[in-house]
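Following UniProt numbering, the numbering of the sequence shown begins with 1 at its first residue and continues without gaps.
Glycine included, every Cβ here is placed at the ideal spot set by N, Cα and C.
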Amino acid sequence: MPAFSPQLLAEWTTGQWMGAQPNTEIRGFCHDTRKLRPGDCFVALKTEQRDGHDFLASARDAGAAAALVSNPREDIYFPQLVVEDSLLAFQTIAHQHRHAFSGKVIGVTGSCGKTSTKDLLAHLLGASCLRTEKNLNNTLGVPLTLTSIDPDKHEYAVVEAGINQPGEMTVLGGMIAPDFAVVTMIGPAHMEKLGSMANIAHEKAELIRFAVPGASLFCGGDCLKYEAFHHFSGEIFAVCETCEESPALDYTEYRSCFRFFREGETTRVQIFSALFAGQFVINAVLTSGMVSNVVLAVLTAIRCGAKWPSIEQRLLTWQPGADRGAVYHFQDNLYYVDCYNANPASMRDALDTFAALTPPEMPRLYVLGGMKELGDSTELMHRKVGAELTFRPEDRAVLVGDEGEAYADGLREAGAQPAQLTLAIDTASAHDAVDGFSGALFLKGSRAYALEALLPAGVLKQKEAAAC
Numbered sequence: 001m002p003a004f005s006p007q008l009l010a011e012w013t014t015g016q017w018m019g020a021q022p023n024t025e026i027r028g029f030c031h032d033t034r035k036l037r038p039g040d041c042f043v044a045l046k047t048e049q050r051d052g053h054d055f056l057a058s059a060r061d062a063g064a065a066a067a068l069v070s071n072p073r074e075d076i077y078f079p080q081l082v083v084e085d086s087l088l089a090f091q092t093i094a095h096q097h098r099h100a101f102s103g104k105v106i107g108v109t110g111s112c113g114k115t116s117t118k119d120l121l122a123h124l125l126g127a128s129c130l131r132t133e134k135n136l137n138n139t140l141g142v143p144l145t146l147t148s149i150d151p152d153k154h155e156y157a158v159v160e161a162g163i164n165q166p167g168e169m170t171v172l173g174g175m176i177a178p179d180f181a182v183v184t185m186i187g188p189a190h191m192e193k194l195g196s197m198a199n200i201a202h203e204k205a206e207l208i209r210f211a212v213p214g215a216s217l218f219c220g221g222d223c224l225k226y227e228a229f230h231h232f233s234g235e236i237f238a239v240c241e242t243c244e245e246s247p248a249l250d251y252t253e254y255r256s257c258f259r260f261f262r263e264g265e266t267t268r269v270q271i272f273s274a275l276f277a278g279q280f281v282i283n284a285v286l287t288s289g290m291v292s293n294v295v296l297a298v299l300t301a302i303r304c305g306a307k308w309p310s311i312e313q314r315l316l317t318w319q320p321g322a323d324r325g326a327v328y329h330f331q332d333n334l335y336y337v338d339c340y341n342a343n344p345a346s347m348r349d350a351l352d353t354f355a356a357l358t359p360p361e362m363p364r365l366y367v368l369g370g371m372k373e374l375g376d377s378t379e380l381m382h383r384k385v386g387a388e389l390t391f392r393p394e395d396r397a398v399l400v401g402d403e404g405e406a407y408a409d410g411l412r413e414a415g416a417q418p419a420q421l422t423l424a425i426d427t428a429s430a431h432d433a434v435d436g437f438s439g440a441l442f443l444k445g446s447r448a449y450a451l452e453a454l455l456p457a458g459v460l461k462q463k464e465a466a467a468c
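Take a look at the structure:
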């Protein structure tokens, strides 16, 4: 468990203790009194919804050793470190604690695949690796992760960085200061606030601007199309798919290639890289994008010092997270479930995999939920996904959400007839069209639609069993 000196916290934040400072070291940080552990420092944050300073008494009663505050309460007898801005002070503490850590910090970002890549990389690095829990990847989640680093326990920290507006990665990158940076890909996600692909690339590349001297970058090959990535002077391992059996590599550029083959419901992967050349098997059906992220995780783990025999064994026990391209069979139906989230790049990737996986004689039902945060490109992006779909006379589509009409416009361009398409305003309204279908079912959309609610009880039981 990490330990923080009250005096050091005051120095780092240029804050002052009101009254007596704690007589013990701080053992961690928490902003939610319901999750607070005895010995934690309660971070009192003020948001539009609530003011954490209203919960100081609750934090004290729950066993907090102190509180980080911008609005001290003299009527509550409790050590309070008074600062100008609680969140900024907490981020400063995280920054300082990260730089006091002698182990390796790996920052992971990208337009999609961040969480599964982070989880796999941490799995490959083993018990001495701290990782971002769930998706605590924002301006509050990153300092919560970094302040959880225990120098007596951890050799590595894999920290996920997620953004949806300009300037956020500057804050996150400054805290993470990665020894190794992983950027999965640049795609049309969070366009509503980021505006363009070039802007997205610029923001993602901010992570590597804050990398420590001698850092390495592992990225999807398409990242290097963007000028924002050309300013990185460290070693780069850019990953791309190849069709060649023995691709010629320019090792001076550290270019890495992969091939993959689906064998039933497993995936065999071959890597050709300056770091590693070999193959391995994953016990899951993976899309091309997912394979790219697996390769990034493997190469990063090797660069961190992990040994191949350990990596190979850990790969055999890894599965993508829940609702990320899972395949189920129930009552002669095949279900491809990828409901965790969606943007145009991940949607196309999943659709290609579903088409390759499904026996040609099976009718297909495409349950497509809307893709959120695309801004002015929303209608165009949905229409393009529909227009690119190979839609046969025996196939059907259920289009969920406000974006459904744009999907339908594209599908009609692809030759779909009105009788083949069902528009549903929300997930609950889609049940009748989904429940009566026999064949192969594809479910993918943004998290807001929670399309997994359309799965039959038999598939839900399989999901629960797989999670155990």
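C-beta contact flag for residue i and residue j at 8 Å
{"i": "LEU296", "j": "PHE276", "result": "no"}
{"i": "GLY445", "j": "CYS304", "result": "no"}
{"i": "LEU234", "j": "MET185", "result": "A small fix is needed here, since residue 234 is Gly in this sequence, not Leu. Not in contact: GLY234 and MET185 (Cβ atoms no closer than 8 Å)."}
{"i": "GLU245", "j": "SER288", "result": "no"}
{"i": "ILE176", "j": "LEU207", "result": "yes"}
{"i": "LYS118", "j": "VAL158", "result": "yes"}
{"i": "HIS190", "j": "GLU373", "result": "yes"}
{"i": "residue 540", "j": "ARG268", "result": "Past the boundaries of the shown model lies residue 540; the chain is included only from 1 to 468, so the question cannot be answered."}
{"i": "PRO344", "j": "MET381", "result": "yes"}
{"i": "ARG83", "j": "GLU160", "result": "The question names Arg, but residue 83 is Val in the sequence shown. No, they are not a contact pair."}
{"i": "PHE330", "j": "GLY141", "result": "no"}
{"i": "ARG73", "j": "HIS53", "result": "yes"}
{"i": "LYS463", "j": "ALA238", "result": "no"}
{"i": "LEU81", "j": "LEU146", "result": "no"}
{"i": "ARG255", "j": "SER116", "result": "no"}
{"i": "LEU454", "j": "LEU443", "result": "yes"}
{"i": "ALA430", "j": "GLY410", "result": "no"}
Extent of the continuous beta strand (DSSP E) run through residue i
{"i": "GLN16", "result": "16 to 18"}
{"i": "ILE106", "result": "104 to 109"}
{"i": "THR266", "result": "266 to 272"}
{"i": "GLU263", "result": "255 to 263"}
{"i": "CYS304", "result": "Looking at the DSSP string, CYS304 is not in any beta strand (DSSP E); the run it does join, the alpha helix (DSSP H), is 288 to 304."}
{"i": "VAL83", "result": "It is not in any beta strand (DSSP E) - VAL83 carries neither H nor E in the DSSP assignment."}
{"i": "LEU399", "result": "396 to 400"}
{"i": "TYR366", "result": "364 to 369"}
{"i": "PHE229", "result": "Note, PHE229: premise wrong, no beta strand (DSSP E); not H, not E."}
For residue i: DSSP bridge partner residues
{"i": "HIS329", "result": "LEU334"}
{"i": "ALA181", "result": "GLY107 and LEU217"}
{"i": "GLU160", "result": "VAL108"}
{"i": "THR117", "result": "According to DSSP, which records beta bridges pairwise, THR117 is partnered with nothing at all."}
{"i": "residue 470", "result": "This structure leaves residue 470 out entirely; the chain is present only between 1 and 468."}
{"i": "GLY278", "result": "ILE271"}
{"i": "residue 516", "result": "The shown model of the chain, from 1 to 468, leaves out residue 516, and the question about it has no answer."}
{"i": "PHE442", "result": "TYR336 and TYR366"}
{"i": "ARG131", "result": "VAL158"}
Nearest to residue i (by Cα), restricted to the options the options
{"i": "GLY415", "options": "ALA430, HIS431 and ALA397", "result": "ALA397"}
{"i": "GLU25", "options": "GLY325, LYS463 and PRO6", "result": "PRO6"}
{"i": "CYS219", "options": "HIS230, GLU245 and PRO213", "result": "HIS230"}
{"i": "THR170", "options": "GLU203, GLU160 and MET197", "result": "GLU203"}
{"i": "ARG383", "options": "LEU368, GLU394 and GLU452", "result": "LEU368"}
{"i": "ARG27", "options": "PHE42, GLU227, ALA3 and TYR449", "result": "ALA3"}
{"i": "LYS225", "options": "LEU217, ALA198, ASP435 and VAL108", "result": "ALA198"}
{"i": "SER128", "options": "GLY439, THR147, ASP432 and LYS104", "result": "LYS104"}
{"i": "LYS153", "options": "ARG268, ARG324, ALA189 and LEU130", "result": "LEU130"}
{"i": "GLY264", "options": "ASP409, ALA356 and THR14", "result": "ALA356"}
{"i": "GLY195", "options": "GLY375, GLY458, GLU452 and ALA406", "result": "GLY375"}
{"i": "PRO188", "options": "CYS112, ALA228, GLU155 and LYS134", "result": "CYS112"}
{"i": "PHE280", "options": "ASN71, TRP318, SER116 and ARG255", "result": "TRP318"}
{"i": "ALA448", "options": "ASP150, VAL285 and ASN341", "result": "ASN341"}
{"i": "PHE78", "options": "ALA65, CYS243 and GLY174", "result": "ALA65"}
{"i": "THR390", "options": "PHE354, TRP308 and LEU136", "result": "PHE354"}
{"i": "THR13", "options": "PRO22, SER86, GLU48 and GLY410", "result": "SER86"}
{"i": "GLY370", "options": "GLY173, SER346 and LEU172", "result": "SER346"}
{"i": "GLU17", "options": "ALA62, ALA274, SER216 and VAL69", "result": "In the sequence as displayed, the identity of residue 17 is Trp instead of Glu. When only C-alpha atoms are compared, the closest one is VAL69."}
{"i": "VAL385", "options": "GLU394, ASP395 and TYR407", "result": "TYR407"}
Element boundaries [alpha helix (DSSP H), containing residue i]
{"i": "ALA430", "result": "Segment: none, ALA430 is in no alpha helix (DSSP H) and carries neither H nor E."}
{"i": "ARG60", "result": "56 to 61"}
{"i": "SER438", "result": "No alpha helix (DSSP H) holds SER438; DSSP gives it neither H nor E."}
{"i": "GLY141", "result": "141 to 146"}
Distance cut-off 7 Å: residue i Cβ against heavy atoms of the ligand SAM
{"i": "LEU124", "result": "With respect to the ligand SAM, the structure shown offers nothing to examine, as it has no ligands at all."}
| field | contact_flag[the segment 89 to 102, the segment 47 to 64] where n(CB pairs < 8 Å) is 3 or more | value | Judged by pairs of C-beta atoms under 8 Å, the segment 89 to 102 does not touch the segment 47 to 64, as fewer than three such pairs exist.
| said: Under 8 Å, with one C-beta from each stretch per pair, do the segment 391 to 403 and the segment 417 to 431 reach the 3-pair mark? | reply: Flag = yes, the segment 391 to 403 and the segment 417 to 431 touch.
| message | Does the structure place the segment 123 to 130 close enough to the segment 313 to 324 that three or more beta carbon pairs sit under 8 Å? | response | Yes, since at least three Cβ pairs between the segment 313 to 324 and the segment 123 to 130 fall closer than 8 Å, the two stretches touch.
| message | Pairs of beta-carbons, one from the segment 350 to 357 and one from the segment 163 to 173, closer than 8 Å: are there three or more? | response | The answer is no - the segment 163 to 173 does not touch the segment 350 to 357, with fewer than three Cβ pairs under 8 Å.
| Touch check for the segment 210 to 217 and the segment 328 to 338: three-plus C-beta pairs under 8 Å? | Contact fails between the segment 210 to 217 and the segment 328 to 338, because fewer than three Cβ pairs, one in each stretch, are under 8 Å apart.
| Taking three-plus beta-carbon pairs below 8 Å as touching, is the segment 97 to 113 in contact with the segment 23 to 43? | No, because fewer than three Cβ pairs between the segment 97 to 113 and the segment 23 to 43 fall closer than 8 Å, the two stretches do not touch.
| said: Three Cβ pairs or more, each shorter than 8 Å: is that satisfied between the segment 37 to 47 and the segment 11 to 26? | reply: With a cut-off of 8 Å, the segment 11 to 26 and the segment 37 to 47 count as touching, because enough Cβ pairs lie within range.
| request: Report yes or no: do three or more beta-carbon pairs, one from the segment 355 to 365 and one from the segment 433 to 442, lie closer than 8 Å? | output: Contact between the segment 355 to 365 and the segment 433 to 442 is present, with at least three C-beta pairs closer than 8 Å.
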